[in-house]
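Asks: Listed in order, the protein sequences are those of chains A and B. If you count the first sequence from 1, position 203 lands on 202 in numbering that gives the first Met the number 0, and the numbers rise without skipping. If you count the second sequence from 1, position 92 lands on 91 in numbering that gives the first Met the number 0, and the numbers rise without skipping. A virtual CB, placed ideally from N, CA and C, is assigned to each residue, including glycine.
Protein chains: 2
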Amino acid sequence: MTRPLRVGIAGLGTVGASVIRILERQNEVVAQRGGRPVQVMAISARDKTKDRGFDLSRFSWFDSPVELARSAEVDCVVELVGGADGTALETVQTALSLGKHVVTANKALLAKHGLMLARLAEEKGASLAFEASVAGGIPIIKTLREALPANRISRLYGILNGTCNYILSRMELEGLTFAECLKDAQRLGYAEADPTFDVEGFDTAHKLAILTSLAFGTEIDADAIYVEGISSITPLDLAMAKELGFRIKLLGVAERTKTGIEQRVHPTMVPRTSSIAQVMGVTNAVTIDADAVRELTLIGPGAGGDATASAVVADIADVATGAALPFFGRSIELLERAPRAPMQRHEGGYYIRLTVHDRPGVAAGVATRMAEADISLESILQKRSEIAATQDPHGRSGAPVSLVLITYAATEASIRSALEKISGDGLIAEPPQVIRIERE
Amino acid sequence: MTRPLRVGIAGLGTVGASVIRILERQNEVVAQRGGRPVQVMAISARDKTKDRGFDLSRFSWFDSPVELARSAEVDCVVELVGGADGTALETVQTALSLGKHVVTANKALLAKHGLMLARLAEEKGASLAFEASVAGGIPIIKTLREALPANRISRLYGILNGTCNYILSRMELEGLTFAECLKDAQRLGYAEADPTFDVEGFDTAHKLAILTSLAFGTEIDADAIYVEGISSITPLDLAMAKELGFRIKLLGVAERTKTGIEQRVHPTMVPRTSSIAQVMGVTNAVTIDADAVRELTLIGPGAGGDATASAVVADIADVATGAALPFFGRSIELLERAPRAPMQRHEGGYYIRLTVHDRPGVAAGVATRMAEADISLESILQKRSEIAATQDPHGRSGAPVSLVLITYAATEASIRSALEKISGDGLIAEPPQVIRIERE
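1. Chain A partners of B:PRO138, CB-CB under 7 Å?
2. If you measure from the beta carbon of A:ASP74 to each beta carbon in chain B, is any gap under 8 Å?
3. Name, please, each residue of chain B whose Cβ falls closer than 8 Å to the Cβ of A:GLN440.
4. Let me confirm a value: B:THR203 is counted as buried when at least 16 other C-beta atoms fall within 10 Å, else exposed. Which label applies?
5. Between B:VAL442 and chain A, is the shortest Cβ-Cβ distance under 8 Å, so that the two count as touching?
6. Would B:VAL18 and B:VAL264 qualify as a contact pair, given that the criterion is a beta-carbon distance under 8 Å?
7. Please classify B:ASP84: is it buried, with 16 or more other beta-carbons within 10 angstroms of its beta-carbon, or exposed?
8. Taking its Cβ as the centre, do 16 or more other Cβ atoms sit within 10 Å of A:GLU385, making it buried, or is it exposed?
9. Could you tell me whether the Cβ of B:ASP305 comes closer than 8 Å to any Cβ of chain A?
10. Suppose contacts are defined by Cβ-Cβ distances below 8 Å. Is A:VAL403 in contact with A:MET239 by that definition?
11. Let me know the secondary structure DSSP gives B:GLU385 once reduced to three states.
12. May I ask you to report which of helix, strand or coil DSSP gives B:PHE61?
13. Starting from B:GLU294, trace the beta strand (DSSP E) both ways and give me its first and last residue.
14. Under a Cβ-count criterion, where at least 16 other Cβ atoms within 10 Å of its own Cβ denotes burial, should A:ASN26 be classed as buried or exposed?
15. Straight-line CA distance for B:GLY82 to B:TRP60?
16. Is the separation between the beta-carbon of A:LEU213 and that of A:LEU159 shorter than 8 Å?
17. Ignore the nearest five residues each way along the sequence and tell me which others in A:MET279's own chain have a CB closer than 6 Å to its CB.
18. Does the distance between the C-beta of B:SER231 and the nearest non-hydrogen atom of the ligand SAM fall short of 7 Å?
19. With DSSP as the reference, please indicate the residues paired to A:ASN283 in a beta bridge.
20. For the region 20-39 of chain B and the region 294-313 of chain B, state whether three or more C-beta atom pairs, one from each stretch, are separated by less than 8 Å.
21. I'd like to know if A:PRO3 contacts chain B, where contact means its C-beta is closer than 8 Å to some C-beta of that chain.
22. Residues in the same chain with beta-carbon distance under 7 Å from B:GLY425, minus the five sequence neighbours each way, listed in chain order, please.
23. Considering only DSSP beta bridges, list what A:LYS248 is partnered with.
24. Is there a Cβ of chain B sitting closer than 8 Å to that of A:GLY299, yes or no?
25. Taking only beta-carbon positions, decide if B:LEU295 is within less than 8 Å of chain A.
26. Buried or exposed: where does A:ARG32 fall if 16 or more other Cβ atoms within 10 Å of its Cβ makes it buried?
27. Closer than 7 Å by beta-carbon distance: list the chain A residues that pair up with B:THR320, in chain order.
28. Against B:GLN277, what residues of chain A qualify as contacts under a CB-to-CB distance less than 9 Å, listed in chain order?
29. Expressed to the nearest angstrom, what Euclidean distance is found between the alpha-carbon atoms of A:ASN150 and A:GLY251?
30. Can you tell me the Cα-Cα spacing of A:ARG45 and A:VAL39, whole angstroms?
31. Would B:SER309 count as contacting chain A if we go by Cβ distances under 8 Å?
32. Helix or strand or just coil, what does DSSP make of B:THR176?
33. Taking all protein chains shown into account, do 16 or more other C-beta atoms lie within 10 angstroms of the C-beta of A:ASP236, making it buried, or fewer, making it exposed?
34. Based on Cα-Cα distance, which residue from A:ARG246, A:GLU218, A:LEU147 lies nearest to A:GLU294?
35. Going by DSSP, what residues sit across from B:CYS75 in a beta bridge?
36. Could you tell me how far apart the beta carbons of A:GLU145 and B:LYS141 are, in whole angstroms, since I believe they sit closer than 8 Å?
Right under this line is the structure:
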């Protein structure tokens, strides 16, 4: 065997600590896979004194990750510092500039600076590996880059945020509100004290931006993503979804449309019998629609120290072989700059829940506005029965009632315009709930 | 770019023809992925005159695949001839002996001669790639060999035969018998005229043998696999499964147990809420249980020209890069020869459906024999109701009735011994139905 790949690990949280433990435990397998031994030489973290359950003295210690990246005894820097800018960015830039390989789990960094960093890596002939940045232990990056050259991908969608899926799963199974489930998720450590980043869809958007670029061979374009979170989802929506044969998931969706690449993150009605609908709790999943394989779905752990570390270690082994691919699986020069498909031109089915005044002609008025906007309705459901009565404060007779519409494919623009008119007509008592439908 | 990888394709059925079309259509992407152009130079098939929808005259024609393998204008032979021996074997041996790379979709060949061929490839420094041999378009080989070096795999199970899954799905959804569904599958081209190889589990066993060796780093040992097919499954079993919260799938299972590596193929009760239970029709799926990623499931097309060709083309691109791994992801020298865990020592839950005489004391007699064999029962279900009455010819009162037992973990040996005694006691009117339970 040739000389070992010398690794420096910047950031010793649960993932970093797990990487060190796994590289020890799976020493031989990793060496086999990588074609040479992998040896952790240096580490960097905020607190040197914290007990991490293993002996730090075997490694060179750096107070600064950037200094670790500069160290002559490191060939490959594992960046687990986090954050889109600051130290993480400086560490990765420093390492790549020196021609050192980088393995990172940092989706925020890549969503923002991925293109620039990929260019730097390409110039310097260094690897920039990032399997751990999306969907934890699921080998989705490897699959997109290496397993599908025969395919033209038409769509990709996934459950990319465990926190949201945990909350939606519990809301559905236990009939709880968003606020109740969020509190529980925070107590169990599945959600941050400030949950905005997760529950409003930004984390999913970062990951989607990376997957989109790999699926379509396009430049990362995180700013183009339409983002909507799950905080407006009510138990009533989940109950209606069930009745209509759907389940609600926060999906990241990237799709090649006539107008360009559409990227969107929003709560989504998916058919209850689809593979992705079965994915409950903190688990992640990604489905790829492509011409040769038709449909491919990968389901697995989206987070957690060991699962994320599993992806990091796989990347390290790939780097060790020297066969790690360029960031996008192709040279930067060959990336498409695909036109952005604006959300207004999105076309699909819609679930629309209106809280309407309970008086004659309201349903007719709503249906007329829909027809005027050329929107065909697959079903209309007016409910004052069990679901509405028990779970909607407005379910009592005389008060506003729920009117649920399922549309056939319509454009976002036409839906928005119809809803504006319905609102102007004074037919609804509350802002409408709109949830897009994604069919298999 | 360096000089092209020159490919020869032996076998021009649906897969071979699709490989040629895809290599044309995805020309640039494959070249990017492989780091150099891929060019089909030569072809071989049984019938030169058959219209395949493209111009054969661009390629050198060989009547014999073995001659194609010898051709100086071919660097990489794609073997799509099929069969465990004969021409396929000779073609692959010839190519590898000359140091040429081989891409194959031939699971029968690999299950029987994989170790020998891998050794030959290793000696000659040639690649032997086989993604298409298991689960069609699902990148399960790449996942096992490249994505999981951080993991110690404890179990792997999968739906590896589309024909069986199609038949079981239709039996369940439409309440049909095995024979009825088989006939339909044959009519639709999902099953062969002689379906034995598929429905009796042998095809699944070939694929399992390959996956087992990759998952556990062991020599391929197809002879060690316990094999049972689906022809004995009745609509009553499917209905009982539903009532008990299960679904029946033909699984290939490989598991590391105290006694060694257990490999088995049999109809299996899986929890209805599991990812694998959702996989219906001809679709395949594989779940991997491992220490770092916990559970990883891949779902996709198990067969079909384009899906299988997708895997072949991915392999060709890997061969082109020069980074294709050794067959087992490690040198032959490092393979374990793990002890076989005999089926009699298999431990797990069991579904046992007995057709018992409808007289006092029978249930007690059965339960006593189970207790004597140290088998704990999770539930006992005696049914003369809807299911039995409508779907079991013996459901009428006075005649034999169905008694279904679900056991906690018990050994195969103890189950077999208890059933023998129950039979000896004259308690049952028909041979018992035994279906193993696989929990997540």
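Replies: In short:
1. Correct list: THR142, ALA146.
2. So no, A:ASP74 is outside the interface.
3. An answer regarding residue 440 of chain A cannot be provided, because it is not within the stretch 0 to 439 covered by chain A.
4. By the 10 Å Cβ count, B:THR203 comes out buried.
5. In the structure displayed, chain B extends from 0 to 439; residue 442 of chain B sits before or after that span and is not available.
6. In this structure, B:VAL18 lies away from B:VAL264, with their beta-carbon atoms at least 8 Å apart.
7. Exposed: under 16 other Cβ atoms inside 10 Å.
8. Caution applies to A:GLU385, whose pLDDT of 44 falls short of 50 and renders its modelled position unreliable; the model cannot decide the point.
9. Judged by the 8 Å Cβ criterion, B:ASP305 is in contact with chain A.
10. In terms of Cβ geometry, A:VAL403 and A:MET239 form a close pair [threshold 8 Å].
11. Confidence at B:GLU385 is low in this model, with a pLDDT of 43, below 50, so its placement is unreliable and the value that follows should be read with caution. Looking at B:GLU385 - three-state DSSP - the assignment turns out to be helix.
12. Looking at B:PHE61 - three-state DSSP - the assignment turns out to be strand.
13. Residue range 293-300 is occupied by the beta strand (DSSP E) that includes B:GLU294.
14. It is exposed - the Cβ of A:ASN26 has fewer than 16 other Cβ atoms within 10 Å.
15. Rounded to the nearest angstrom, the two C-alpha atoms are 22 Å apart.
16. Taking C-beta atoms as the reference points, A:LEU213 and A:LEU159 fail to come closer than 8 Å.
17. Taken in chain order, the residues that qualify are SER168.
18. Among the components modelled here there is no ligand, and therefore nothing to report on the ligand SAM.
19. Its beta-bridge partners are A:GLY299.
20. The answer is yes - the region 294-313 of chain B touches the region 20-39 of chain B, with three or more Cβ pairs under 8 Å.
21. No, its Cβ sits nowhere closer than 8 Å to a Cβ of chain B.
22. The beta carbon of B:GLY425 sits closer than 7 Å to none of the beta carbons in its chain outside the five residues before and after it.
23. A:THR267, per the DSSP bridge assignment.
24. By this cut-off, A:GLY299 is an interface position.
25. Closer than 8 Å to some Cβ of chain A, the Cβ of B:LEU295 qualifies, so yes.
26. Around the beta carbon of A:ARG32, 16 or more other beta carbons lie within 10 angstroms, which makes this residue buried.
27. By Cβ distance, chain A contributes ALA322.
28. Within chain A, the residues near B:GLN277 are THR272, SER273, SER274, ALA276, GLN277.
29. Looking at the two C-alpha atoms, the distance is approximately 21 Å.
30. Each residue's Cα considered, the two are about 18 Å apart.
31. Yes, B:SER309 lies at the interface with chain A (some Cβ there is under 8 Å from its Cβ).
32. The answer is coil: DSSP assigns B:THR176 none of H, G, I, E or B.
33. Burial is judged here by how many other beta carbons sit within 10 angstroms of a residue's own beta carbon; A:ASP236 has at least 16 and is buried.
34. Among A:ARG246, A:GLU218, A:LEU147, the Cα nearest to that of A:GLU294 belongs to A:LEU147.
35. In the DSSP assignment, B:CYS75 is bridged to B:VAL6, B:HIS100.
36. Between A:GLU145 and B:LYS141 the beta-carbon gap is near 7 Å, inside 8 Å, which marks them as a contact.
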